[in-house]
Every structure is written in structure tokens, then in C-alpha cells.
Amino acid sequence: MKIQSIETYSTKEISIVRVVTDNGEEGYGQIAPYHANISSLVLHQQIAQHVLGQDPMDIDGIVDRCIEAEHKFPGSYICRAVGGVDTALWDLKGKLEGKSVCELLGGEIRPIQAYGSSMRRDITPQDEADRLKLLKQKDGYRAFKIRIGNNFGKNVDVWPGRTEEIVPTVRQAIGEDIALLVDANSGYTPDRAIEVGKMLEQYNVGHFEEPCPYPEIEWTAEVTRALTIPVAGGEQDNCLAQWRRLIDLKAVDIVQPDVCYLGGLSRTLRVAKMAAEAGLPCTPHAANLSMVTVFTLHLLGALKNAGPYLEFSIEKTPWTENLFYPVLEVKDGMVEIPKKPGWGVGINEDWLKKADYKISQLN
Ligand SMILES: [Mg+2]
Numbered sequence: 217m218k219i220q221s222i223e224t225y226s227t228k229e230i231s232i233v234r235v236v237t238d239n240g241e242e243g244y245g246q247i248a249p250y251h252a253n254i255s256s257l258v259l260h261q262q263i264a265q266h267v268l269g270q271d272p273m274d275i276d277g278i279v280d281r282c283i284e285a286e287h288k289f290p291g292s293y294i295c296r297a298v299g300g301v302d303t304a305l306w307d308l309k310g311k312l313e314g315k316s317v318c319e320l321l322g323g324e325i326r327p328i329q330a331y332g333s334s335m336r337r338d339i340t341p342q343d344e345a346d347r348l349k350l351l352k353q354k355d356g357y358r359a360f361k362i363r364i365g366n367n368f369g370k371n372v373d374v375w376p377g378r379t380e381e382i383v384p385t386v387r388q389a390i391g392e393d394i395a396l397l398v399d400a401n402s403g404y405t406p407d408r409a410i411e412v413g414k415m416l417e418q419y420n421v422g423h424f425e426e427p428c429p430y431p432e433i434e435w436t437a438e439v440t441r442a443l444t445i446p447v448a449g450g451e452q453d454n455c456l457a458q459w460r461r462l463i464d465l466k467a468v469d470i471v472q473p474d475v476c477y478l479g480g481l482s483r484t485l486r487v488a489k490m491a492a493e494a495g496l497p498c499t500p501h502a503a504n505l506s507m508v509t510v511f512t513l514h515l516l517g518a519l520k521n522a523g524p525y526l527e528f529s530i531e532k533t534p535w536t537e538n539l540f541y542p543v544l545e546v547k548d549g550m551v552e553i554p555k556k557p558g559w560g561v562g563i564n565e566d567w568l569k570k571a572d573y574k575i576s577q578l579n
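Just so you know, we're using this note's numbering here: the sequence shown kicks off at 217 and counts up by one.
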């Protein structure tokens with residue numbers, strides 16, 4: 217069996233990948249969100265040549281060949297494109313073996329606890345507290361994540377005092393028995409991150425995510441050493457050698473690889489294994505309701521060192537609506553892993569029809 221064709225269905229935000237073998241078997245995956253139309257071009261122009269004609273069961277080998285062959289172009293776009301192929305191949309493998317990806321990995325289909333993940337900084341502390349309290353009542357969430365500081369914010373809040381106000385306001389609204397996580401999105405220098413972290417300790421914050429600009433792993437390590445609460449990070453990191461350094465340095469207490477940013481499930485499993493060997497839990501990044509949340513559910517169902525939660529976005533994003541079925545739902549704070557073979561979801565035909573189509577195939 218060999219890979220006969222790779223098709224992409226792209227919008228600016230998302231690209232769905234379909235891999236078909238010479239005997240007509242197929243699998244669906246997804247390229248990481250955001251500028252996905254550019255990543256799909258990279259897939260066809262640079263990656264497809266290393267994938268077509270290969271044995272679809274050799275996923276690790278294919279992924280490594282792509283990254284190594286395109287070594288002059290390390291980084292995000294190559295990894296995003298490879299991730300589209302990798303996730304389609306895992307779907308294909310599951311369908312061929314009649315197993316969900318979770319089961320392929322030795323895991324068990326079951327509900328996974330989710331944390332409701334806020335993506336907003338333009339919201340007032342009181343409005344954030346009110347909507348999280350409501351979600352706790354309606355969907356039974358036992359954990360939430362809120363945003364503090366600002367994205368690469370150089371110690372400047374979206375408006376003065378927002379961080380100092382939102383943490384106690386949300387904590388009071390959701391109660392002491394609900395886990396409260398925070399994300400600074402690379403917002404602080406170490407001294408300010410430690411100052412903020414000491415405040416977070418007072419409110420029993422469950423993890424402090426990306427306190428410092430993410431490439432500054434020594435800065436992050438300094439913050440991790442200074443605080444009693446766990447520091448989390450790694451969502452942007454797509455180089456396995458950088459991941460090894462991050463883990464060796466004990467820069468974070470919780471690793472957060474993103475299946476799509478990192479180049480697919482196979483590479484994410486390697487990061488999770490490195491973390492397991494260092495005694496660290498893995499709470500993957502899955503910050504939108506595209507297929508990345510499906511991939512992450514299967515992964516969490518199988519990892520021995522899985523962190524306690526699935527990240528589940530609480531924001532409405534038109535670009536993820538009607539993408540796949542069945543839709544993921546939070547009930548009593550839990551999300552079921554789709555149980556059908558492969559990723560266990562179908563891509564909506566109407567969505568595919570509206571997207572830009574491109575194919576690379578063996579002659
Ligand atoms: Mg984050």
C-alpha cells in the first residue's frame with residue numbers, strides 16, 4: 217500500500233487534509249489554524265514530494281523525512297504542513313485497524329475532564345467572572361483558565377490593574393473548589409512574572425502559563441524555580457531539540473505541546489515521552505474547537521502522564537462551526553472521546569464544498 221494523493225480543503229483559518237492510498241483507503245487530518253491557506257501551499261510545494269508513494273503505516277518515518285529534507289526551512293509552516301499529513305495518516309491507520317486513535321495508542325475511550333478556556337482580554341473582570349460562574353452551573357466545569365497580562369506585553373496590562381483585579385474577582389465567583397488556571401501569553405520579564413506569581417499563589421492558581429516570552433526558556437526556568445505554583449508552557453515550540461532543552465532545564469512544571477503546531481501526533485508523543493521520563497505531566501495546548509481538540513482528546517485518553525484536563529475553548533468562532541460531526545459537547549465538565557475508528561469524526565461535506573481545493577498525486 218502506498219500514498220497515492222494528498223488533498224487540501226483550505227480557508228484562511230483552517231485546512232483539512234485528505235490522504236488517499238493506491239487501494240482507495242482514506243484518512244482525514246487538519247493543518248493548524250491561522251494562515252492555514254499558506255501552510256497548505258507549503259504542504260503541496262514542499263512536503264507532498266516526501267510523502268507521495270510512501271508506506272502510509274510508516275508515520276514516524278514520513279514525518280522525520282519531511283522535517284529533515286526541508287531542514288533549510290525549520291519552523292512553524294513546515295511543522296504545520298507536516299501535522300496535516302501526520303493527522304490524516306493516524307486517521308487512516310485507525311480506520312484500517314478498526315480502532316480509534318486513542319485505542320491505537322493503548323488508551324481507553326472515556327470522558328475526559330475539560331477546563332473552560334477563555335481567550336479574551338477585552339472583557340472586564342466582572343463580566344469574565346459572571347460568564348464563568350454561569351458556565352460552571354450550566355456545563356458543570358470544574359476548572360477554568362483566564363488571561364492575565366498581555367500577549368508579549370512587556371509587563372504592560374491591557375489596561376492598568378486588570379490582572380490584579382481579575383484573579384480575585386474570578387476566584388470569588390467560581391469558588392475555592394474550582395481549579396483556576398491563568399495564561400500570561402509571554403507577557404512578563406522574570407521579575408514581574410515572579411511578582412505576579414506570588415499574587416497568584418495567594419489565590420491557589422492551578423497553573424501559571426507562559427509567564428515569559430516563550431523563546432526565553434532561561435527566564436521561564438527562573439520563574440519556575442521561584443514559585444510554588446506550577447508553571448506551564450511550550451505551546452509554540454515546534455523543535456524537538458528545543459523541547460529537550462526546555463525539559464532538561466526544568467523550565468516548566470507542565471508541558472503543553474500543540475499537536476498541530478508541533479507537526480502532528482507522532483512528534484507530540486515524543487514530547488510527552490520526554491516529559492514522562494522527566495516526571496512531568498502533559499496538558500496539551502488546544503485553544504480552539506477545530507480538529508485540534510479532537511486530536512488532543514485521543515492523546516489525553518492514552519497518555520500515562522496526561523495532565524488532569526483537556527483545554528476546551530469557551531469562545532464562539534465562526535470558522536470552526538460545522539467543520540466536523542458529531543460536535544464535541546461538555547457535560548458535567550467532561551468531554552467524550554469520539555469512539556469510531558480513526559479520529560471518530562466526519563468532516564462536513566458542506567464545509568468542504570466551500571473551501572479552496574488542491575491536490576498533489578502520484579502520476
Ligand atoms: Mg497559552
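Each residue gets a CB set at the ideal place from its N, CA and C atoms; glycine is no exception.
Please read these numbers as outputs of a predicted model, since none were measured by experiment.
- Ranked by Cα distance from residue 557, the options 461, 314, 240, 320 are led by 314.
- For residue 279, the secondary structure class from DSSP, reduced to helix, strand or coil, is helix.
- DSSP, read as helix, strand or coil, puts residue 327 in strand.
- Sequence-distant partners of residue 358 (beyond 5 residues in either direction) whose C-beta falls short of 7 Å from its own C-beta, in its chain, are 329, 394, 395, 549.
- Nearest to residue 443 by alpha-carbon distance, out of 417, 360, 463, 456, is 417.
- The count of Cβ pairs closer than 8 Å, one atom from the region 278 to 287 and one from the region 229 to 247, stays below three, leaving the stretches out of contact.
- Using a 10 angstroms sphere on the CB of residue 238, the tally of other CB atoms stays under 16, which defines it as exposed.
- For residue 505, same chain residues with a beta-carbon under 6 Å away, outside a window of 5 residues either side, are 529, 536 in chain order.
- Take the alpha-carbon of residue 413 and the one of residue 224: they are about 43 Å apart.
- Remark: the C-beta of residue 401 is in contact range of ligand 1, defined as less than 7 Å to any heavy atom.
- Under the DSSP definition of a beta bridge, residue 221 partners with 236, 577.
- Ranked by Cα distance from residue 403, the first of 547, 385, 374, 365 is 365.
- DSSP places residue 507 within a helical segment (H, G or I) once states are collapsed to three.
- DSSP places residue 396 within a strand segment (E or B) once states are collapsed to three.
- Check the Cα spacing between residue 474 and each of 381, 561, 287, 455: the tightest is with 455.
- Separation of the CB atoms of residue 499 and residue 467 is rounded to 15 Å, and the pair is thereby denied contact status at 8 Å.
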